[in-house]
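First comes the structure, then the notes that go with it.
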Amino acid sequence: MKDDPLSQAVELRAKGEPFVLATVVACRRPTSAYVGAKAIIGGDGGFSGWVGGSCAQPIVVREALKALEDGSPRLLRISPDPPPSDHGLEGVLYFDMPCQSQGALEVYIEPFLPRPELLIVGETPLAQALARAGKLMDFAVCVSDPGATAERFPDAEVLLDGLEQVPARLGPDSYVVVATQGQYDEQALAAALQGEAAYVGLVASKKRAETVFQYLRDEGISAEAVSRVRCPAGLDLGGVTPSEIALSIAAEILQVRRQTPKRPGTPTAGSGTELETGVALDPVCGMTVTIATASYTSDHGGQTFYFCSAQCQGSFQREPERYLIAPTP
Numbered sequence: 006m007k008d009d010p011l012s013q014a015v016e017l018r019a020k021g022e023p024f025v026l027a028t029v030v031a032c033r034r035p036t037s038a039y040v041g042a043k044a045i046i047g048g049d050g051g052f053s054g055w056v057g058g059s060c061a062q063p064i065v066v067r068e069a070l071k072a073l074e075d076g077s078p079r080l081l082r083i084s085p086d087p088p089p090s091d092h093g094l095e096g097v098l099y100f101d102m103p104c105q106s107q108g109a110l111e112v113y114i115e116p117f118l119p120r121p122e123l124l125i126v127g128e129t130p131l132a133q134a135l136a137r138a139g140k141l142m143d144f145a146v147c148v149s150d151p152g153a154t155a156e157r158f159p160d161a162e163v164l165l166d167g168l169e170q171v172p173a174r175l176g177p178d179s180y181v182v183v184a185t186q187g188q189y190d191e192q193a194l195a196a197a198l199q200g201e202a203a204y205v206g207l208v209a210s211k212k213r214a215e216t217v218f219q220y221l222r223d224e225g226i227s228a229e230a231v232s233r234v235r236c237p238a239g240l241d242l243g244g245v246t247p248s249e250i251a252l253s254i255a256a257e258i259l260q261v262r263r264q265t266p267k268r269p270g271t272p273t274a275g276s277g278t279e280l281e282t283g284v285a286l287d288p289v290c291g292m293t294v295t296i297a298t299a300s301y302t303s304d305h306g307g308q309t310f311y312f313c314s315a316q317c318q319g320s321f322q323r324e325p326e327r328y329l330i331a332p333t334p
C-alpha cells in the first residue's frame with residue numbers, strides 16, 4: 006500500500022475496504038500537527054499518516070472506529086479549553102487535550118464504507134428499472150440472469166450468467182430482489198436464502214408466493230429462512246408500471262437499510278480487554294492505544310494493559326487498583 010494517504014484512500018476505495026480519512030482542518034500552536042495533514046485509519050485500527058502526536062492520535066483512532074460503526078462523519082475539537090455549554094453544532098465533538106503544551110487542533114473524520122450491493126435476479130423490464138433505481142441510490146448493482154447483457158443493463162456493475170455465483174456474494178449489506186416473475190422463482194429464492202442478505206424480496210402475487218414458499222419448504226429450506234422473504238416486494242405505494250414498482254421496492258430497501266441496528270460499540274477503558282480492531286484503551290487516561298505498536302505495557306492480574314506513555318504506565322504500576330475502574334468521561 007502506498008504511503009500517501011490520498012493514494013491509500015483511492016486504493017482502499019477500489020478494493021471496497023472500509024477506512025477513515027482524517028484531516029487536520031485547524032490548529033493552534035504549539036502542536037506537531039499542521040493544517041492539511043492527513044491520515045488513514047483502517048477497519049482494524051491501523052494508522053498511516055500524521056494528524057498529531059501521542060496526545061491527539063489515540064483520540065482520532067478511537068473516533069475513527071466509531072465513525073466506521075455508525076457511518077457518520079464528525080469534527081473533533083481537541084483543546085485544553087472547556088467546550089461551550091451549548092454550542093448547538095451537529096457533528097462536532099469536544100475532547101480535552103491531555104498534553105501540557107496547551108496546543109489545540111480540529112480534525113475532520115470522514116468514514117468511507119463499502120457500497121451496499123443490490124443483487125437483482127431476472128432480466129424483466131422490472132429488473133431493468135430496479136437496476137436504474139439501484140444506481141441512483143449509489144448501490145453496487147449486480148444482475149444475475151443468463152440473458153442479461155450490458156446493453157440491457159447499463160447500470161449494472163456485475164453481470165452473472167447463473168445462480169451458482171449468487172450465494173458467495175451475499176453478506177449483511179446485500180439486498181436481493183427476485184424479479185424473474187414466474188420463470189425460475191423457486192431456484193432464485195433458494196440461492197438467495199443461502200446467504201446472509203439484509204433483504205430478500207420476491208416480485209409475485211401472494212398466491213404465487215405461497216406456491217413458491219411451499220416448494221422451498223419441501224426442498225428442506227427451513228420455515229424460518231422462508232419467512233425472511235418479503236412478498237410482494239416493496240412498500241404499498243399503488244405502483245403499476247415497472248418504474249413505479251421499482252420505486253416502491255427501492256423505498257422498502259432504503260427503509261430496511263436505515264433501520265438496521267448498528268453494531269455494538271467498543272469496550273470501556275480499564276476493562277483490560279483488547280478491542281477486536283487491534284486497539285486497547287489506556288486505563289489511566291482513556292486514550293486509545295494501537296496494540297501492535299504499543300511501547301508501554303503492564304501485566305496485572307493475568308491481563309495485559311496498554312498505555313499511551315511512560316507516565317501513564319508508571320501511574321498504573323504504582324497504584325493499579327485505582328485504575329481498574331474506567332474513568333468517568
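For the sequence shown, our numbering gives the first residue as 6, with consecutive numbering after it.
Using N, Cα and C, we set each Cβ at its ideal position, and we do this for glycine too.
Check: For Q186, the three-state DSSP class (helix, strand or coil); Outcome: coil
Check: Beta carbon of A184 nearer than 9 Å to that of V245; Outcome: no
Check: Reference C313; option with closest CA among E324, C290, F100 and G307; Outcome: C290
Check: Rounded Cβ spacing between A196 and P172 (contact assumed at less than 8 Å); Outcome: 6 Å
Check: Proximity winner among A42, E201, E156 and G108, relative to I114 (alpha-carbon distances); Outcome: A42
Check: Counted within 10 angstroms of its Cβ, other Cβ atoms place A109 as buried (16 or more) or exposed; Outcome: buried
Check: Residues that C147 bridges to, as DSSP identifies them; Outcome: L124 and V163
Check: Residue nearest to G152 in terms of C-alpha spacing, selected from M142, G139 and E128; Outcome: E128
Check: Whole-number beta carbon distance between S149 and L124, since they are thought to touch under 8 Å; Outcome: 7 Å
Check: Residues bridged to A256 [DSSP beta-bridge criterion]; Outcome: None, per the DSSP bridge assignment.
Check: Span separating the alpha-carbon of A138 from that of L221; Outcome: 29 Å
Check: Three-state secondary structure assigned by DSSP to T28; Outcome: strand
Check: Stretch pair the stretch 79-89 + the stretch 218-236: three plus CB contacts closer than 8 Å; Outcome: no
Check: Length at least 4, wholly inside the stretch 54-89: the alpha helix (DSSP H) runs in chain order; Outcome: 62-75
Check: Beta-carbon separation (whole angstroms), A61 vs V25, contact threshold 8 Å; Outcome: Not confirmed; about 14 Å, so no contact.
Check: D287, buried or exposed, once every other Cβ within 10 Å from all chains shown has been counted against 16; Outcome: buried
Check: Minimum C-alpha distance to G48 - residue among T36, G243, P23 and F310; Outcome: P23
Check: R327 classed as buried or exposed, judged by whether at least 16 other C-beta atoms fall within 10 angstroms; Outcome: exposed
Check: Simplified DSSP state of P272, which is helix, strand or coil; Outcome: Reliability of the predicted coordinates at P272 is poor, the pLDDT of 33 falling under 50, and the value obtained from them is presented with this limitation in mind. Of the three classes helix, strand and coil, the one that applies to P272 here is coil, per DSSP.
Check: Short Cβ contact (9 Å threshold) for R174 with G206; Outcome: no
Check: Member of Q308, I64, S253 and E215 whose CA lies at the smallest distance from the CA of G50; Outcome: I64
Check: E156 versus A145, Q133, Q170 and L168, residue with shortest Cα-Cα distance; Outcome: Q133
Check: Backbone CA spacing between S248 and L131 [nearest angstrom]; Outcome: 7 Å
Check: Nonlocal neighbours in the same chain, by C-beta distance under 6 Å from G58, ignoring five residues either side; Outcome: S37
Check: Between the CA atoms of V208 and G307 - distance to the nearest angstrom; Outcome: 57 Å
Check: Limits of the beta strand (DSSP E) - the one that S303 falls within; Outcome: Y301 to H305
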